[in-house]
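Colleague: One structure follows; several queries about it will come next.
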Amino acid sequence: MAHPIIIAVPKGRILAEVMPLFAAAGITPEPAFADEDSRALRFATDRPDISLIRVRAFDVATFVAHGAAQLGIVGSDVLMEYAYSELYAPVDLDIGHCRLSVAEPADMAAKDDPRGWSHVRVATKYPNLTRRHFEARGVQAECIKLNGAMEIAPVLGLSSRIVDLVSSGRTLKENGLVEVEVITQVSARLIANRAAFKTRAAQVLPLIEAFRSAVEQARAA
């Protein structure tokens, strides 16, 4: 029997949203997979030809790009940040919706106009995406890479602005920040390793179609 197809899935908020899609695609993970407290990283499913790994969102793209996993589920923000040529993103899963935005302290925003910026200092998890966005507008961006706690950066003077994911905006508000510009809308995508897409097409293509069908069912419901 061929090695099982490995699907990389991110920890965190997308996990709960992806479970109904797995069910609709005919995949039932072992119970521990949905348990956020489980320290396990690899999980079985009811199908011997499919296993799952649960890793950090940014690492999903790396595992799939390097062929350690054949398929993955990851936000479009991660794909834009890394721009791996080895990845193919055939399905927008229509889950994990949020936006990537520029935010700054409310008192600064009250007298600030983003159209007048020529140079910005930004704390972000997304230095490549952020730099490209500002370069396209003719703005020089000095990006400070942080992996979390972005909202505290302006308070402590590390940067005047941040670029981060926003869904409800509550975290920004609680830290005295406001959105001043939306860079891009974000949703989760099913991604495939390009080599596996060709060499293991008999296993990979039916799974892609199963997820595509699951998304269509969810939209129709």
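Residue numbers for the sequence shown follow full-length UniProt numbering, beginning at 1 and rising by one.
No residue lacks a Cβ here, since even glycine has one placed at the ideal position from N, Cα and C.
All values derive from a computational prediction rather than experimental measurement.
DSSP state of histidine 133, grouped into three classes?
Modeller: Residue mapping note: residue 133 aligns to position 133 of the sequence shown, counting from 1. Correct three-state label for histidine 133: helix.
Colleague: Is the beta carbon of alanine 44 less than 9 Å from the beta carbon of proline 29?
Modeller: The residue labelled residue 44 in the question sits at position 44 within the sequence shown. The residue labelled residue 29 in the question sits at position 29 within the sequence shown. Proline 29 is positioned such that its CB atom lies closer than 9 Å to that of alanine 44.
Colleague: Do you know offhand how far alanine 192's Cα is from alanine 89's?
Modeller: Counting from 1 along the sequence shown, the entry for residue 192 is found at position 192. Counting from 1 along the sequence shown, the entry for residue 89 is found at position 89. Computed Cα separation, rounded: 6 Å.
Colleague: Where does valine 139 fall in DSSP's three states?
Modeller: Translated into the one-based positions of the sequence shown, residue 139 becomes position 139. Coil at valine 139, not helix or strand.
Colleague: Check glycine 148 in the structure and name its three-state DSSP category.
Modeller: Residue mapping note: residue 148 aligns to position 148 of the sequence shown, counting from 1. If DSSP states are grouped into helix, strand and coil, glycine 148 belongs with coil.
Colleague: Can you check which of these residues, Ser213, Lys173, Ala220, is closest to glycine 26 by C-alpha distance?
Modeller: Stepping through the sequence shown from its first residue, residue 26 is reached at position 26. Residue Ser213 is the option with its Cα nearest to glycine 26.
Colleague: Which runs of the alpha helix (DSSP H) spanning at least 4 residues fall entirely within the UniProt domain "ATP phosphoribosyltransferase catalytic" (56-212), listed in chain order?
Modeller: Restricted to the UniProt domain "ATP phosphoribosyltransferase catalytic" (56-212), the alpha helix (DSSP H) segments that are unbroken, complete and at least 4 residues in length are 57-65, 76-82, 106-109, 127-136, 152-155, 170-174, 194-199, listed in chain order.
Colleague: From the DSSP output, which residues share a beta bridge with valine 9?
Modeller: Against the sequence shown, residue 9 aligns to sequence position 9. According to DSSP, which records beta bridges pairwise, valine 9 is partnered with Arg54.
Colleague: Can you tell me the Cβ-Cβ gap for isoleucine 14 and alanine 218, rounded? I've got them flagged as a contact below 8 Å.
Modeller: For the purposes of this step, residue 14 is taken as residue 14 along the sequence shown, with counting starting at 1. For the purposes of this step, residue 218 is taken as residue 218 along the sequence shown, with counting starting at 1. Contact between isoleucine 14 and alanine 218 is absent: CB atoms are separated by about 14 Å, not below the 8 Å threshold.
Colleague: Does alanine 16 pass the burial test, meaning 16 or more other C-beta atoms within 10 Å, or should it be called exposed?
Modeller: As a position in the sequence shown, residue 16 is number 16, starting the count at 1. With fewer than 16 other CB atoms across the displayed protein chains lying within 10 angstroms of its CB, alanine 16 is exposed.
Colleague: Which residue from Asp49, Asp35, Ala69, Asp46 puts its Cα closest to that of leucine 190?
Modeller: Taking the sequence shown and counting its residues from 1, the one referred to as residue 190 is at position 190. It is Ala69 whose Cα lies nearest to the Cα of leucine 190.
Colleague: Would you kindly check if the distance between the Cβ of leucine 79 and the Cβ of valine 182 is under 9 Å?
Modeller: Counting from one through the sequence shown, the residue named residue 182 turns up at place 182. Counting from one through the sequence shown, the residue named residue 79 turns up at place 79. Result no, Cβ atoms of valine 182 and leucine 79 do not sit closer than 9 Å.
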